[in-house]
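Student: So in the UniProt record's numbering, spot 77 of the sequence shown is number 77, and the numbers just go up one at a time. Even glycine gets a Cβ: it sits at the ideal position worked out from N, Cα and C.
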Amino acid sequence: MSDLASKIFEDIRVKKLIGNSGTPTATIGSSFTGTVAVSGNDMAGTVTVTITAATSFPTLAPYFQLNFNTAYATAPAVLFWPANASAALLSGIYTKLPTTTSVQLASANAGTAPASATYVWHYHVIQ
């Protein structure tokens with residue numbers, strides 16, 4: 001086995017993984033009124049959705065779409081998890097329509113969102 005080939009199969013040990021892309025953008029889902037903010041990069045970060053008007057939303061409605069700063073070669077795996085109590089209380093949340101340039105976080109269930117609600121999720125993207 002060549003020296004290069006043997007190195008491919010070794011463990012990689014790092015103290016930290018630090019993304020080197022710019023900050024992604026995000027848009028709020030069309031069923032909601034409010035704002036969405038992103039901090040982080042294409043590898044990991046935080047999305048904050050602030051609902052400013054009470055609304056009913058249909059089944060499969062996206063809360064937001066995260067638009068990567070740099071496109072991936074293939075659609076990556078994207079993990080979201082709640083970062084505040086309001087987001088943790090939501091049920092039926094799933095990753096919808098991952099592509100090379102974006103991903104949505106959506107609700108499998110129809111429901112209502114109260115005015116003045118803030119939902120925060122962390123994300124991690126793996127290619």
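1. Below 8 Å on the Cβ atoms is my guess for S21 versus N41; work out the distance and round it to an integer in Å.
2. Can you say whether A110 is buried or exposed, counting buried as having 16 or more other CB atoms within 10 angstroms of its CB?
3. Beta strand (DSSP E) containing S116: first to last residue?
4. In whole angstroms, what separates the C-alpha of R13 from that of T74?
5. Taking the beta carbon of G92 as the centre, do at least 16 other beta carbons fall within 10 Å, making it buried, or is it exposed?
6. For the beta strand (DSSP E) containing A61, name the first residue and the last one.
7. Identify which residue in S116, Y119 and T99 has its Cα closest to the Cα of N67.
8. Count the other C-beta atoms from every protein chain shown that fall within 10 angstroms of the C-beta of W81, then say buried if there are 16 or more, exposed otherwise.
9. Measuring alpha carbon to alpha carbon, tell me which of K96, T118 and I126 ends up nearest V47.
Tutor: Inspection of the coordinates gives the following:
1. Within the sequence shown, the letter at position 21 stands for residue 21. Within the sequence shown, the letter at position 41 stands for residue 41. Confirmed, about 5 Å.
2. Locating residue 110 in the sequence shown gives position 110, where the first residue counts as 1. So A110 ends up on the exposed side.
3. The sequence position of residue 116 within the sequence shown is 116, counting from 1. Careful: S116 lies outside any beta strand (DSSP E) and carries neither H nor E.
4. Taking the first residue of the sequence shown as 1, we reach residue 13 at position 13. Taking the first residue of the sequence shown as 1, we reach residue 74 at position 74. Cα-Cα distance, rounded: 25 Å.
5. As a first step, residue 92 must be located in the sequence shown, where it is residue number 92. Classification of G92: exposed, given that the 10 Å Cβ count is below 16.
6. Here residue 61 corresponds to residue number 61 of the sequence shown, with the count starting at 1. A61 -> beta strand (DSSP E) spans A61 to N67.
7. The count along the sequence shown starts at 1 and reaches residue 67 at position 67. When each option's Cα is compared against that of N67, the closest is T99.
8. Counting from 1 along the sequence shown, the entry for residue 81 is found at position 81. Exposed is the call here.
9. In the sequence shown, residue 47 corresponds to position 47, counting from 1. The shortest C-alpha separation from V47 is found at T118.
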